[in-house]
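Start counting the sequence shown at 23; every next residue gets the next number (my numbering).
Glycine included, C-beta positions come from ideal geometry on N, C-alpha and C.
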Amino acid sequence: MVRITHLNSLLTASVSLLAFTTSAVQAQQPVQLAMANSIAADNADSSSDVAAAADAEGLTDIVVTAERREVSLQQTPLSVSALTADMLKAANITDITGLNGTVPGLVIAKSGGGERMISIRGIGSETPENTNTQPGVSYHIDGVYIFNSIAASAAFIDVAQVEVLRGPQGTLFGQGSTGGTINIVSIEPSAKDLSGTASLGVGNYHYVESNAALNVPIGDRLSIRGAIQHVKHDGYSNATDVPGYRLYELDDANDTSWRIGAKWSPLDNLSITLNTIQYYGTNNGPAQKNILDPQPDARLLTQDYAGRSLVHTQLYSGVIRWDTDFATIKSISSYQKLHSEQSWDGDGLNTTLFFPVSGNTSRYDHVALWQQDTESYTSELNLATHMNGPLNFVLGGVYLWSKNNQYINEYRANNLLIQRPALSQDTSSTDPRVQDLTYAELSSITREQYAFFGQATYDITSQLKLTGGIRYNHDKSTGLSDSGPKRGAAVYPTGAYLQPRASAPRSADEITGKAAVEYQFTPTNMIYASYTRGFKPGGINSAASAGSSAYALGFRDNIKPTYESETVDSFEIGSKNRFVGNSIQINASGFLYNYKNMQFLEEDPVLFGEGIANAPKARVYGAELEGSWLPVKGLRFDGSMSWLEGKFTADYLALDPTNAQNAQNAAGYAGTGGFFANYFPATLARYAARANINGNRVPKLPRWQGNISATYTGEIGPGLLTSRAQFIYRGDYQYRLFNEGAVDTTPSYTQVNLMFKYEPLESGADITLRVTNLFDTNGINSRFSDPYGSSQVMDTYIPPRQIILSVGYKF
């Protein structure tokens with residue numbers, strides 16, 4: 023049960039908010055807002071254009087697609103934040119990880135293998151390195167659902183704005199949005215004018231960035247827009263003990279992406295837009311510093327393996343839009359491909375340091391290859407009305423298909439063959455090199471999903487509105503898998519050393535929905551209350567379904583052949599307001615979540631039998647505040663903050679990988695050899711190490727988080743100077759639900775960013791100086807506890823101080 027004091031605090035805050043809103047509304051004259059006609063047109067403006075508009079008219083509106091229609095952010099009855107292209111550039115946000123601290127309740131944690139674990143209000147993904155599950159925060163590019171979290175960093179090219187919807191979006195966005203939704207909105211091709219932009223930036227760490235975009239009208243009906251960007255820099259950190267290198271760079275970058283789109287409007291009310299986004303990135307991989315590393319310098323890692331990362335993503339999408347007298351009809355389709363090759367130092371130490379940590383059984387633990395090849399199709403058809411009457415609605419259907427192939431090679435041994443390459447997939451089962459592997463996997467999971475949804479809003483009066491929605495979700499999973507290595511009598515007599523076999527299929531159906539009421543005091547002040555249900559489908563555990571877990575031995579408490587869907591019931595109250603002639607904006611919300619069957623990655627009593635389990639119940643609640651203020655001409659303040667609480671509220675005995683290994687070692691069965699020689703006793707020792715998570719804090723849930731920025735724009739000589747300073751605070755949080763003391767606690771950090779931009783009048787040029795992490799804080803982005811291998815705990819850090827000078831031109 024939620025503590026009464028916390029409920030009282032939440033209710034008091036809500037009542038105070040309503041009282042403040044009402045009194046402010048009565049004190050001011052109504053101000054009619056002007057809706058923007060186009061998202062692209064609004065957000066393609068330069069910062070000076072926006073500043074000038076703000077001086078003349080107060081705060082400008084941002085149009086979002088939060089409800090499958092273009093609506094003013096201030097008239098959307100849900101918690102949503104929008105960051106324009108200028109905001110992203112000013113904060114030097116070049117990938118999704120940079121959004122940390124800028125949106126209330128949003129945490130983006132780096133994980134192994136190039137993943138980004140995205141959570142909103144503590145709800146996201148607790149299944150690192152398992153891409154057969156879906157994320158808890160759905161990710162979209164121009165409305166297209168993106169399947170794989172590794173592909174999330176490839177979207178930041180030619181961006182108009184980033185929209186972050188907080189809370190379950192179970193009706194309009196469906197599965198995988200228990201925590202919320204992020205939508206990247208690109209700048210569309212336009213037939214109005216020939217235009218373009220180009221910029222070149224350089225900075226410390228041999229940082230180089232280059233960007234260019236060109237919009238070409240071809241007559242009045244057809245236009246083409248292309249963009250390309252390249253970012254390269256040296257490593258922010260270095261491994262000290264890699265053979266053949268004095269220092270081996272980590273956290274380096276060499277990323278190239280390009281986008282080309284065409285928009286054809288054969289009729290005034292009909293358009294067809296085709297796009298492709300291509301991304302290719304290669305580097306030495308992320309810097310993950312073992313918390314046992316004795317080297318005090320956060321940017322030096324006592325590691326001995328030369329890791330690497332290669333990611334290639336392809337996205338092809340098509341949108342057909344037909345505007346009728348009463349509705350807009352859209353067809354959104356896509357084809358996606360991902361190829362990823364990752365390798366890294368799994369123990370995060372050198373051989374001397376790791377040997378005692380492993381129980382004197384291994385000198386290293388290295389992931390030689392984690393390869394993924396994902397192919398996906400999506401198709402959606404929706405209709406959104408814009409009738410003059412009291413009733414408007416959205417109807418739609420979605421079909422999703424995805425196939426994820428995965429191949430893993432991991433070595434953990436007592437010899438010094440550190441840089442051994444991965445084996446080919448067709449390696450013979452009799453090849454002696456197979457015995458050197460501590461783990462290998464070859465699997466293929468296919469997911470097929472479809473859904474139908476509808477949401478309607480009815481205006482009871484000109485000020486009071488009711489909204490209701492429902493969605494039917496169907497999800498089916500099938501798979502092939504094999505893991506090993508096989509030893510002794512289990513070795514295949516002929517053929518490849520891994521021979522995947524079919525696992526039992528799994529299917530599920532779920533109904534999700536929404537109910538909301540909103541009251542518009544004036545055109546600039548409203549309150550709302552809502553109930554929504556979010557849903558994330560379950561799936562198949564490869565090892566357990568193949569009989570390689572304690573489940574096959576009769577244990578029923580841990581990893582099962584399949585895992586359940588997770589759901590969240592959300593109750594939210596909020597208010598959105600503009601005051602004092604449109605110069606002050608205050609948006610606030612409070613929420614309560616009842617969470618069921620949270621999916622998380624758990625160790626199994628049988629070694630290498632780990633998989634997805636379900637934590638029965640959790641409760642999360644909190645409050646968020648966002649605001650903007652234009653006190654005088656040219657000066658603007660923006661800020662946000664969140665307060666979040668959450669605990670597990672039901673008994674579940676969960677097995678932490680480290681506790682399982684320690685119990686196994688203490689019982690005298692250290693290492694894989696001892697394990698297989700004493701199979702059942704070792705399983706019992708590991709099984710006894712389970713611990714109850716009831717009362718543990720929900721992971722990825724900083725109690726406090728926020729940011730504040732000040733921007734000033736004024737004429738200096740023959741041009742405009744825009745100056746911006748930003749302060750970010752991200753509180754500490756538990757990385758995993760095990761809450762293993764200091765091991766799982768990700769420390770808090772603060773960060774200060776600066777930006778100065780000068781634009782000579784009527785020149786089209788600009789000079790920009792950006793300084794991120796001004797005080798060179800060694801802030802820990804996330805604490806990653808490897809769920810596989812030797813279960814080491816690593817810290818990943820935010821980038822160090824970065825000073826970037828860029829020159830741009832637009833026409």
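| Entirely enclosed beta strand (DSSP E) segments - the segment 533 to 593, minimum 3 residues | 547 to 558
| How many Å lie between Ile-84 and Ile-342 at the Cα? | Position 62 of the sequence shown holds residue 84. Position 320 of the sequence shown holds residue 342. C-alpha separation (whole angstroms): 24 Å.
| Met-777: buried (16+ other C-beta within 10 angstroms of its C-beta) or exposed? | Your numbering for residue 777 matches position 755 in the sequence shown. Classification of Met-777: buried, given that the 10 Å Cβ count is 16 or more.
| query | Are the beta-carbon atoms belonging to Val-184 and Ser-208 less than 8 Å from one another? | reply | Locating residue 184 in the sequence shown gives position 162, where the first residue counts as 1. Locating residue 208 in the sequence shown gives position 186, where the first residue counts as 1. In this structure, Ser-208 does not lie closer than 8 Å to Val-184 by Cβ.
| query | Leaving out the 5 sequence neighbours to the left and right, which residues in its chain are closer than 6 Å to Thr-534 when beta-carbon positions are compared? | reply | The sequence position of residue 534 within the sequence shown is 512, counting from 1. Around Thr-534: Gly-192, Arg-493, Arg-555, Phe-557.
| Where do the N-terminal and C-terminal ends of the beta strand (DSSP E) with Lys-359 fall, by residue? | Here residue 359 refers to the residue found at position 337 when the sequence shown is read from its first residue. From DSSP, the beta strand (DSSP E) with Lys-359 extends over 349 to 367.
| task | Indicate, with yes or no, if the ligand ADP has a heavy atom lying under 7 Å from the CB of Gly-329. | result | The model depicted lacks the ligand ADP and carries no ligand whatsoever.
| task | Name, in chain order, the residues that DSSP records as bridge partners for Met-663. | result | Taking the first residue of the sequence shown as 1, we reach residue 663 at position 641. DSSP output for Met-663 lists Leu-647, Gly-728 as bridge partner(s).
| Ile-482 - DSSP class collapsed to helix/strand/coil | The sequence position of residue 482 within the sequence shown is 460, counting from 1. Coil, per DSSP.
| said: For Asn-800, tell me which candidate among Pro-809, Asp-817, Thr-790, Phe-806 has the shortest Cα-Cα distance. | reply: The residue labelled residue 800 in the question sits at position 778 within the sequence shown. Out of Pro-809, Asp-817, Thr-790, Phe-806, Asp-817 has the C-alpha closest to the C-alpha of Asn-800.
| message | Taking 8 Å as the limit between beta carbons, can you name the residues of its chain near Val-72, skipping five residues before and five after? | response | Sequence index remark: in the sequence shown, residue 72 carries index 50 (1-based). At Val-72, the pLDDT of 38 sits below 50, so the modelled position is not reliable and the matter cannot be decided from this model.
| task | Drop a sphere of 10 angstroms on the beta-carbon of Ile-240, count the other beta-carbons inside from all chains shown, and report buried for 16 or more, exposed for fewer. | result | Looking up residue 240 in the sequence shown gives position 218. Flag for Ile-240 reads exposed.
| said: Could you pull the DSSP bridge partners for Asp-817 from this structure? | reply: The sequence position of residue 817 within the sequence shown is 795, counting from 1. DSSP lists Lys-311, Arg-805 as the bridge partner or partners of Asp-817.
| Bridge partner(s) assigned by DSSP for Gly-714 | Along the sequence shown, read from residue 1 onward, the residue named residue 714 stands at position 692. For the record, residue 714 in the displayed sequence is Asn; it is not Gly. DSSP lists Leu-675 as the bridge partner or partners of Asn-714.
| query | Quick one: what's got a C-beta closer than 7 Å to Gln-48's C-beta in the same chain, skipping five residues either side? | reply | Within the sequence shown, the letter at position 26 stands for residue 48. Below a pLDDT of 50, predicted positions are generally treated as unreliable, and Gln-48, at 38, falls in that range; the measurement from the model is reported next regardless. Around Gln-48, the same chain offers no residue with a beta carbon nearer than 7 Å, after the five sequence neighbours per side are excluded.
| Under 8 Å between the Cβ atoms of Leu-323 and Leu-272? | Position 301 of the sequence shown, counted from the start, is the residue given in the question as residue 323. Position 250 of the sequence shown, counted from the start, is the residue given in the question as residue 272. Their beta carbons are under 8 Å apart, which means Leu-323 touches Leu-272 by this criterion.
| query | By Cβ distance, which residues of its chain are closer than 6 Å to Asp-395, with the 5 residues on each side in sequence left out? | reply | To locate residue 395, count along the sequence shown from 1; it is residue 373. Result list for Asp-395: His-361, Asn-427, in chain order.
| field | Which of helix, strand or coil DSSP assigns to Thr-735 | value | As a working mapping, residue 735 is identified with position 713 in the sequence shown. Residue state, collapsed to three classes: strand.
| Under a three-way DSSP split, which group does Met-139 fall into? | As a working note, residue 139 is residue 117 in the sequence shown. Looking at Met-139 - three-state DSSP - the assignment turns out to be strand.
| Three or more C-beta pairs below 8 Å linking the segment 621 to 637 and the segment 701 to 719 | yes
| request: Please work out which residues of its chain come closer than 6 Å, Cβ to Cβ, to Leu-269, disregarding the five sequence neighbours upstream and downstream, and give them in chain order. | output: As a position in the sequence shown, residue 269 is number 247, starting the count at 1. The residues are Asn-260.
| Is there contact between the segment 732 to 748 and the segment 643 to 659, where contact requires at least three CB pairs shorter than 8 Å? | yes
| Every unbroken beta strand (DSSP E) within the segment 257 to 313, with a cutoff of 3 residues, ordered by chain | 259 to 261, 270 to 272, 275 to 289, 292 to 305
| message | Spatial neighbours of Leu-791 within its chain, please: C-beta separation below 6 Å, excluding the five flanking residues on both sides. | response | As a position in the sequence shown, residue 791 is number 769, starting the count at 1. The residues are Phe-778, Leu-827.
| query | Helix, strand or coil: which one does DSSP assign to Ile-204? | reply | As a first step, residue 204 must be located in the sequence shown, where it is residue number 182. Of the three classes helix, strand and coil, the one that applies to Ile-204 here is strand, per DSSP.
| Candidates Gln-97, Asp-387, Pro-679, Pro-721: closest to Ala-710 by CA position | As a first step, residue 710 must be located in the sequence shown, where it is residue number 688. Ranking Gln-97, Asp-387, Pro-679, Pro-721 by Cα distance to Ala-710 puts Pro-679 first.
| field | Cutoff 7 Å; reference Thr-373; Cβ partners in own chain excluding five residues on either side | value | Mapped onto the sequence shown, residue 373 falls at position 351. Cβ-Cβ distances below 7 Å link Thr-373 to Asp-326, Arg-385, Tyr-386, Leu-438 in the same chain, with the five nearest sequence neighbours on each side left out; the list follows chain order.
| message | Quick check on Leu-100: does DSSP put it in helix, strand or coil? | response | Sequence index remark: in the sequence shown, residue 100 carries index 78 (1-based). If DSSP states are grouped into helix, strand and coil, Leu-100 belongs with coil.
| Of all the beta strand (DSSP E) runs that stay within the bounds of the segment 604 to 631, which reach a length of 3 or more residues? | 606 to 624
| query | Can you tell me whether Gly-569 is buried or exposed, with buried defined as 16 or more other CB within 10 angstroms of its CB? | reply | The sequence position of residue 569 within the sequence shown is 547, counting from 1. The residue is exposed, with fewer than 16 neighbouring Cβ atoms inside 10 Å.
| said: Taking its Cβ as the centre, do 16 or more other Cβ atoms sit within 10 Å of Gln-686, making it buried, or is it exposed? | reply: In the sequence shown, the residue the question calls residue 686 occupies position 664. So Gln-686 counts as buried.
| field | DSSP bridge partner residues for Pro-316 (one or two, in chain order) | value | Within the sequence shown, numbered from 1, the residue matching residue 316 stands at position 294. Per DSSP, none; premise fails for Pro-316.
| said: Buried or exposed, going by whether 16 or more other CB atoms sit within 10 Å of the CB of Pro-911? | reply: Residue 911 cannot be examined here, being either before or after the span of the chain that is shown, 23 to 833.
| message | I'd like to check one pair, Asn-616 with Glu-648: are the Cβ atoms closer than 8 Å? | response | Translated into positions along the sequence shown, residue 648 becomes position 626. Translated into positions along the sequence shown, residue 616 becomes position 594. Not closer than 8 Å, so no.
| Alpha carbon to alpha carbon, what distance is there between Lys-214 and Arg-247? | Taking the first residue of the sequence shown as position 1, residue 247 is located at position 225. Taking the first residue of the sequence shown as position 1, residue 214 is located at position 192. Each residue's alpha carbon lies about 12 Å from the other.
| query | Gly-218 to Arg-281, Cα distance in whole Å? | reply | For the purposes of this step, residue 218 is taken as residue 196 along the sequence shown, with counting starting at 1. For the purposes of this step, residue 281 is taken as residue 259 along the sequence shown, with counting starting at 1. Using only the alpha carbons, I get a separation of about 14 Å.
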